[in-house]
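Notes for the one structure printed next.
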Amino acid sequence: KAGVTQTPRYLIKTRGQQVTLSCSPISGHRSVSWYQQTPGQGLQFLFEYFSETQRNKGNFPGRFSGRQFSNSRSEMNVSTLELGDSALYLCASSLGQGRPYYNSPLHFGNGTRLTVT
Amino acid sequence: DQQVKQNSPSLSVQEGRISILNCDYTNSMFDYFLWYKKYPAEGPTFLISISSIKDKNEDGRFTVFLNKSAKHLSLHIVPSQPGDSAVYFCAASSNSNSGYALNFGKGTSLLVTP
Numbered sequence: 003k004a005g006v007t008q009t010p011r012y013l014i015k016t017r018g019q020q021v022t023l024s025c026s027p028i029s030g031h032r033s034v035s036w037y038q039q040t041p042g043q044g045l046q047f048l049f050e051y052f053s054e055t056q057r058n059k060g061n062f063p064g065r066f067s068g069r070q071f072s073n074s075r076s077e078m079n080v081s082t083l084e085l086g087d088s089a090l091y092l093c094a095s096s097l098g099q100g101r102p103y104y105n106s107p108l109h110f111g112n113g114t115r116l117t118v119t
Numbered sequence: 138d139q140q141v142k143q144n145s146p147s148l149s150v151q152e153g154r155i156s157i158l159n160c161d162y163t164n165s166m167f168d169y170f171l172w173y174k175k176y177p178a179e180g181p182t183f184l185i186s187i188s189s190i191k192d193k194n195e196d197g198r199f200t201v202f203l204n205k206s207a208k209h210l211s212l213h214i215v216p217s218q219p220g221d222s223a224v225y226f227c228a229a230s231s232n233s234n235s236g237y238a239l240n241f242g243k244g245t246s247l248l249v250t251p
């Protein structure tokens with residue numbers, strides 16, 4: 003079974019630009035979550051989608067948005083990029099039903115490294 | 138507000154000895170806990186989990202202990218191997234749809250020296 007696939011792996015953008023990151027979950031997984039990892043801050047939850055609906059949202063500004071398509075693939079968009087948005091963005095998938103992660107842990111992709119200059 | 142805390146940013150252990158990684162949480166609604174391991178340039182990989190109805194779960198060299206009254210859990214690795222050198226994240230979830238938003242600690246970087 004293929005794992006979670008994220009594209010692109012690396013991205014360099016300029017302040018003020020916008021960016022779209024893509025994620026393909028494990029086949030059969032209907033929940034897709036996004037996390038931001040920065041040095042010293044660990045993994046911070048951005049949002050989670052289940053069956054094309056945003057089910058959970060973290061404490062990030064509205065510049066961060068996402069969506070999920072009918073095939074469970076997901077995209078994340080960051081508009082008006084700031085230097086502080088430089089981070090590793092991780093996508094993860096799970097079955098998304100029943101007790102959270104009890105029978106199916108969260109599976110992560112290898113991330114997209116975003117650098118804002 | 139950080140609801141899951143890993144107070145030791147780093148830990149160095151000799152090969153063959155025990156590694157103990159600690160994690161504290163503040164939210165009493167958390168009832169399921171997971172540990173992830175992360176190598177540089179890779180995504181985190183699931184290691185082991187524990188439900189709040191248990192106080193211990195073992196999987197090979199890895200054992201997680203949960204002390205609900207202290208809101209504390211720990212991951213024991215015995216014996217430690219150089220390949221265990223990685224960043225370890227503790228995560229917590231609650232039994233509701235909001236539980237799908239995993240709360241992670243900031244991680245502990247483990248170095249196992251030969």
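Protein chains in written order, with my numbering: chain U, 3 to 119; chain D, 138 to 251. By construction, the Cβ of each residue, glycine as well, lies at the ideal position given by its N, Cα and C atoms.
Item to check | Same chain only: Cβ atoms within 7 Å of Gln46 of chain U, ignoring 5 sequence neighbours per side | outcome: Tyr37, Gln38, Gly60
Item to check | 7 Å CB neighbourhood of Pro146 of chain D in its chain, flanking five on each side removed | outcome: Thr245, Ser246
Next on the checklist: For Ile254 of chain D and Val34 of chain U, I'd like the C-alpha separation in whole angstroms.
Outcome noted: Residue 254 of chain D lies beyond the stretch modelled for chain D, which goes from 138 to 251, so this question has no answer here.
Item to check | For Phe52 of chain U, the nearest candidate out of U:Ala4, U:Gly30, U:Leu83 (CA to CA) | outcome: U:Gly30
Checklist entry - Of the choices D:Val249, D:Ser231, D:Lys243, D:Val201, whose alpha-carbon is the least far from that of Asn164 of chain D? => result D:Ser231
Next on the checklist: For Gly180 of chain D and Arg11 of chain U, I'd like the C-alpha separation in whole angstroms.
Outcome noted: 11 Å
Item to check | Cβ-based burial, Ser188 of chain D [other Cβ within 10 Å; buried from 16] | outcome: exposed
Item to check | Rounded separation between Pro102 of chain U and Asn159 of chain D - CA only | outcome: 23 Å
Item to check | Per DSSP, the bridge partner or partners of Thr7 of chain U | outcome: U:Ser26
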